[in-house]
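Asks: I have a structure here, written as structure tokens, and I will follow up with some questions on it.
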Amino acid sequence: MNVARGMLTSVDELTKRLSGDQGRPRLTWYGDDGERIELSGAVLDNWVSKTTNLLVEEFDAAPGVTVLLDLPVHWRTAVWALAAWRCGATVRVPAPDAAAGSPTDAPADVVVTATPERHAGARDVVAVALPALARTFGGSLPAGAVDAASAVMTYADVVLAAPAPDPAAPALEAGDECVAHRDLFAWAAGTAASAAPGARVLVRGDVPLPDALRRLLAVWAAGGSVVLTSAATAAALEADAARRERLVAQEGVTG
Numbered sequence: 051m052n053v054a055r056g057m058l059t060s061v062d063e064l065t066k067r068l069s070g071d072q073g074r075p076r077l078t079w080y081g082d083d084g085e086r087i088e089l090s091g092a093v094l095d096n097w098v099s100k101t102t103n104l105l106v107e108e109f110d111a112a113p114g115v116t117v118l119l120d121l122p123v124h125w126r127t128a129v130w131a132l133a134a135w136r137c138g139a140t141v142r143v144p145a146p147d148a149a150a151g152s153p154t155d156a157p158a159d160v161v162v163t164a165t166p167e168r169h170a171g172a173r174d175v176v177a178v179a180l181p182a183l184a185r186t187f188g189g190s191l192p193a194g195a196v197d198a199a200s201a202v203m204t205y206a207d208v209v210l211a212a213p214a215p216d217p218a219a220p221a222l223e224a225g226d227e228c229v230a231h232r233d234l235f236a237w238a239a240g241t242a243a244s245a246a247p248g249a250r251v252l253v254r255g256d257v258p259l260p261d262a263l264r265r266l267l268a269v270w271a272a273g274g275s276v277v278l279t280s281a282a283t284a285a286a287l288e289a290d291a292a293r294r295e296r297l298v299a300q301e302g303v304t305g
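Per the numbering used here, residue 51 is the first one in the sequence shown, and the count goes up by one each step.
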């Protein structure tokens, strides 16, 4: 895959491309208990725009602001990562076994998490409900925490004002790995199994979050679409070859 051919230099350019795609799915999610969500490019861009507006208006997200994504591989996680990058913030991914308050996550300006109880001492917390139909987080929240399920929907469908990323600033911090904004798409293009232009690609959810985000960027940059699974669904597909073959056929997976 040659990302350079597509002239992508920023997530802003990627989401603008996605916004013009009204038809085919760009992200299909297979979660636990048979949950399936399908987002066209335009709908995916809509979610990213709303989330970007929330980050900017509620938390002054901009270059120099760190957003800790304490979330599993999930379609909502992809939206939050794209939104943080859209306004120039740094996405930080905690180590899988990091405890709340550890040096891995303590310096973050904003914590986006499905387990807000782990971050009760953080200054700014966004609680993310993972079920598809959730309208509220549904549990007790730390004082001052934002309920993403209800808050995101109140923001505009297009980005009203977002700071431009600093190309040299970190876009992703994951352990020892640090990727600058200007290098995001080159980093994505370096995946071991690059997608052919326009491919429909199955991405397993039982991989580390940085690996999943890298793969998503690579596929979208090549004009393709993604079938993304939860970790549990990935394990079930691994154990049931016939089920995996049915999903591949039904979704038109080509990569």
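For each residue, glycine too, the CB sits at the ideal point set by N, CA and C.
Could you say which of 69, 159 and 270 lies nearest to residue 96 if we only look at CA atoms?
Replies: Here the question's residue 96 lines up with position 46 in the sequence shown. It is 69.
Asks: Which residue wins for smallest C-alpha separation from residue 111, given the options 203, 300 and 134?
Replies: Your numbering for residue 111 matches position 61 in the sequence shown. Of the listed residues, the one whose Cα sits closest to residue 111 is 134.
Asks: Taking 8 angstroms as the threshold, find out whether the segment 289 to 299 comes into contact with the segment 264 to 275 through three or more Cβ pairs.
Replies: The segment 289 to 299 is not in contact with the segment 264 to 275.
Asks: Opposite residue 90 in the DSSP bridges: which residues?
Replies: Along the sequence shown, read from residue 1 onward, the residue named residue 90 stands at position 40. Beta-bridge pairing links residue 90 to 75.
Asks: Could you check if residue 155 is buried or exposed, using at least 16 other CB atoms within 10 Å of its CB as the buried criterion?
Replies: Indexing the sequence shown from 1 puts residue 155 at position 105. Interpretation of residue 155 is limited by its pLDDT of 49, a score under 50 that renders its predicted location unreliable; the figure taken from the coordinates is listed afterwards. Buried, because 16 or more other Cβ atoms sit within 10 Å of the Cβ of residue 155.
Asks: Can you tell me where the alpha helix (DSSP H) with residue 301 in it begins and where it stops?
Replies: Residue 301 sits at position 251 when you count from the first residue of the sequence shown. Element bounds for residue 301: 291 to 301.
Asks: Which residue wins for smallest C-alpha separation from residue 220, given the options 124, 142 and 127?
Replies: By 1-based counting over the sequence shown, the position of residue 220 is 170. Considering only alpha carbons, the answer is 142.
Asks: Name the residue from 263, 224, 277 and 231 whose alpha carbon lies nearest to the alpha carbon of residue 249.
Replies: For this step, residue 249 is matched to residue 199 along the sequence shown. Cα-wise, what sits closest to residue 249 is 277.
Asks: Can you look up residue 283 in the DSSP assignment and give me helix, strand or coil?
Replies: Taking the first residue of the sequence shown as position 1, residue 283 is located at position 233. Here residue 283 sits in helix by DSSP.
Asks: Distance, Cα to Cα, residue 104 vs residue 114?
Replies: Here residue 104 is taken as the residue at index 54 of the sequence shown, counted from 1. Here residue 114 is taken as the residue at index 64 of the sequence shown, counted from 1. Roughly 17 angstroms separates the two Cα atoms.
Asks: Could you name the residues of the same chain whose beta carbon sits closer than 7 angstroms to that of residue 180, not counting the 5 residues immediately before and after it, in chain order?
Replies: In the sequence shown, residue 180 corresponds to position 130, counting from 1. Cβ within range, chain order: 124, 126 and 164.
Asks: Could you tell me the distance, in whole angstroms, from the CA atom of residue 158 to the CA atom of residue 116?
Replies: Position 108 of the sequence shown holds residue 158. Position 66 of the sequence shown holds residue 116. Residue 158 and residue 116: Cα-Cα distance of roughly 5 angstroms.
Asks: Going by Cα to Cα distance, which pick from 82, 101 and 73 is closest to residue 210?
Replies: For this step, residue 210 is matched to residue 160 along the sequence shown. When each option's Cα is compared against that of residue 210, the closest is 101.
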